[in-house]
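Numbering (my numbering), first residue to last: 105 to 325.
Everything below concerns the one structure shown next.
Structure follows, in structure tokens:
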């Protein structure tokens, strides 16, 4: 039976890499997929991983109706054997409903990839709807690590290396991969719950190690 599968995890845990691997495995067996993405780091109409892999995709804009788009493609003689959707957390709940309809009515497997919670530890609307509707939820087993070495469970937004907890839910940026490199003005970092609660990023931890003052935890409870 076809399924709506939600592959979830923190940032930097290999979601896009797995999406590209699934595409490779199926296309190498002669199957044809429809790939969608949203706000990819490589630009519009791309699905890319931090390992440098990239493929073409349909940009899943706010007004995209997945069901209608696939019906149009099939009606014009196109072939679709499966659907891959990356950055699914950015989708509207009604778009997730459309993906569920694709599974039920068109009998296509849909593989959706996304992070579950935002930088405030709040559910993205798209991810929430996926949790509600998915036939299966797979938590990725490649563990992202906090700067302290513990398993990273939370996504943090940083401005000049300092964690922020206010602002728009979606601001495109990238994960800080090298703790020794300069911090971008707006970036993202994965943290364990303890350091997310204390708002302690790799940059503020380095600053604390070099300072004789005690690092303020900025309202940690």
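Where a beta carbon is used, it is the ideal one built from N, C-alpha and C, also for glycine.
Review point. With distances taken between CB atoms, is the gap from residue 259 to residue 194 smaller than 9 Å?
Key: No, the Cβ-Cβ distance between residue 259 and residue 194 is not below 9 Å.
**Study point:** Residue-chain proximity (residue 199, chain C), Cβ-Cβ < 9 Å
**Key:** No chain C is present in this structure, which holds just one protein chain.
Practice item. Under the assumption that residue 127 contacts residue 240 (Cβ atoms under 8 Å), give the Cβ distance between them as a whole number of angstroms. Key: That belief does not hold up - the Cβ atoms of residue 127 and residue 240 are roughly 18 Å apart, past 8 Å.
Review point. Whose C-alpha, out of 254, 185, 263, is nearest the C-alpha of residue 134?
Key: Nearest C-alpha to residue 134: 185.
Point to revise | Classification of residue 125 by the beta-carbon crowding that lies within 10 angstroms, buried from 16 upward | key: Using a 10 angstroms sphere on the CB of residue 125, the tally of other CB atoms stays under 16, which defines it as exposed.
Point to revise | alpha helix (DSSP H) runs contained entirely in the region 164-244, provided each spans 4 or more residues | key: If we require 4 residues or more, the alpha helix (DSSP H) runs fully inside the region 164-244 come out as 170-179, 197-210, 229-237.
Check your understanding: Three-state secondary structure (DSSP) at residue 121?
Key -> DSSP places residue 121 in helix when its eight states are reduced to three.
Review point. Taking C-beta to C-beta, are residue 242 and residue 158 nearer than 9 Å?
Key: Using a Cβ distance threshold of 9 Å, residue 242 and residue 158 do not count as a contacting pair.
Point to revise | Exposed unless 16 or more other CB atoms sit within 10 angstroms - verdict on residue 222 | key: Buried is the call here.
Practice item. Using a threshold of 9 Å, state whether the C-beta atoms of residue 261 and residue 294 are closer than that. Key: The beta carbons of residue 261 and residue 294 sit no closer together than 9 Å.
Review point. Is the region 205-212 close to the region 173-191, with three or more CB pairs under 8 Å?
Key: The region 205-212 vs the region 173-191: in contact.
Exercise for review: May I ask you to report which of helix, strand or coil DSSP gives residue 107?
Suggested key: It is coil, neither helix nor strand.
Point to revise | Span of the alpha helix (DSSP H), counted from its first residue to its last, around residue 255 | key: For residue 255, no alpha helix (DSSP H) segment is defined, and its DSSP state is neither H nor E.
Review point. Would you say residue 202 and residue 228 are within 9 Å of each other, going by their C-beta atoms?
Key: No, Cβ-Cβ distance for residue 202 and residue 228 is not below 9 Å.
Point to revise | Simplified DSSP state of residue 323, which is helix, strand or coil | key: Low local confidence applies: a pLDDT of 48 at residue 323 is under 50, so the model's placement there is unreliable, with the coordinate-based value given in what follows. DSSP places residue 323 in coil when its eight states are reduced to three.
Practice item. With residue 301 as the anchor, note down where its alpha helix (DSSP H) starts and where it stops. Key: Taken as a continuous stretch (DSSP letters only), the alpha helix (DSSP H) holding residue 301 covers 297-301.
Point to revise | Exposure label - residue 250; buried when at least 16 CB within 10 Å | key: So residue 250 counts as buried.
Exercise for review: Along the beta strand (DSSP E) that carries residue 152, what are the first and last residues, could you check?
Suggested key: Note, residue 152: beta strand (DSSP E), 150-152.
Review point. By Cβ distance, which residues of its chain are closer than 6 Å to residue 164, with the 5 residues on each side in sequence left out?
Key: Hits under 6 Å: 140, 142.
Check your understanding: Under the rule that 16 or more other beta-carbon atoms within 10 Å means buried, what is residue 303, buried or exposed?
Key -> Classification for residue 303: buried.
Exercise for review: Go ahead and label residue 199 buried or exposed: buried means 16 or more other beta carbons lie within 10 angstroms of its beta carbon, across all protein chains shown.
Suggested key: Label assigned to residue 199: buried.
Point to revise | Distance between beta carbons of residue 168 and residue 120, contact taken as under 8 Å | key: About 19 Å separates the two Cβ atoms, so there is no contact after all.
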